[in-house]
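The sequence shown begins at -9 in my numbering and counts up one residue at a time.
Even for Gly, the Cβ is constructed at its ideal location relative to N, Cα and C.
All values reported here derive from a predicted model rather than from experimental measurement.
Structure, as structure tokens:
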Amino acid sequence: NHRALIATCLFFACGGASAAAPLDDLLHFEDPYKCTVSKNFDALLDGLIRWEEAGSGYKGKLASPPVPAAFQNWIGTPELTVTGNEYRATLPLRGTWRGLPLHSLVRIEWAESETGFYLVFDATRNQVLAAANRAGFQIPQSGSEYRDVEAIGVNVGVDTFEERGALYCIDG
């Protein structure tokens, strides 16, 4: 019985620790200031919504994004909501980014237009701002900034998203 109790305690302690797995290597930014994401992060974002021709335009459908094997246990099942021409795919996440507990990755795309994402945390806007700036985003205290990068600029900032702190990057 004593061994079973120790094994049970170890199992739950390990389970609790693994629930907060760092996802920094998956949700990696090559250039935080410009919101340039890594190859795996880009594949995750691009793999959430698949566009198909529909009449004279396009219609988005939920897809299964490619998730590297090392991160599959921390990524949930995506859901898609559509409002007008705005497509929003929400991917539940378990783990941390820069020490903050993650809630979800939300990919937003407008049919034949801009795209962006919110990295949503179980943390306050101010905690997200501090972590983002430690990571090199250089977001002003106001919470957002438009940055002219290459052909199309990007809005980079932090906000409250569905009552949680979030880091966002929206093309435009």
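By Cβ distance, which residues of its chain are closer than 7 Å to residue i, with the 5 residues on each side in sequence left out?
i	result
residue 164	The chain is shown from -9 up to 162; residue 164 falls before or after that span and cannot be answered.
residue 26	19 and 20
Label residue i either buried or exposed according to how many other C-beta atoms from any shown protein chain fall within 10 Å of its C-beta, with 16 as the threshold for buried.
i	result
residue 44	exposed
residue 141	exposed
residue -6	Residue placement at residue -6 is poorly supported in this model, since its pLDDT is 40, which falls under 50; the coordinates are not used for a value here.
residue 150	exposed
residue 104	exposed
residue 97	buried
residue 89	exposed
Roughly how far, in whole angstroms, is the beta-carbon of residue i from the beta-carbon of residue j, given that I think they are within contact range, below 8 Å?
i	j	result
residue 16	residue 31	6 Å
residue 134	residue 147	3 Å
residue 159	residue 111	Wrong, their Cβ atoms sit about 15 Å apart, outside the cutoff.
Can you find the residues in the same chain that come closer than 6 Å, C-beta to C-beta, to residue i, ignoring five residues on each side of it along the sequence?
i	result
residue 82	66 and 94
In chain order, what residues of the same chain have a beta carbon less than 8 Å from the beta carbon of residue i, not counting five sequence neighbours either side?
i	result
residue 72	50 and 78
Measuring alpha carbon to alpha carbon, tell me which residue in the options is nearest residue i.
i	options	result
residue 42	133, 84, 102 and 64	102
residue 75	35, 116 and 100	100
- Query: Should the stretch 120 to 128 be regarded as contacting the stretch 52 to 61, the criterion being three or more beta carbon pairs within less than 8 Å?
  - Reply: no
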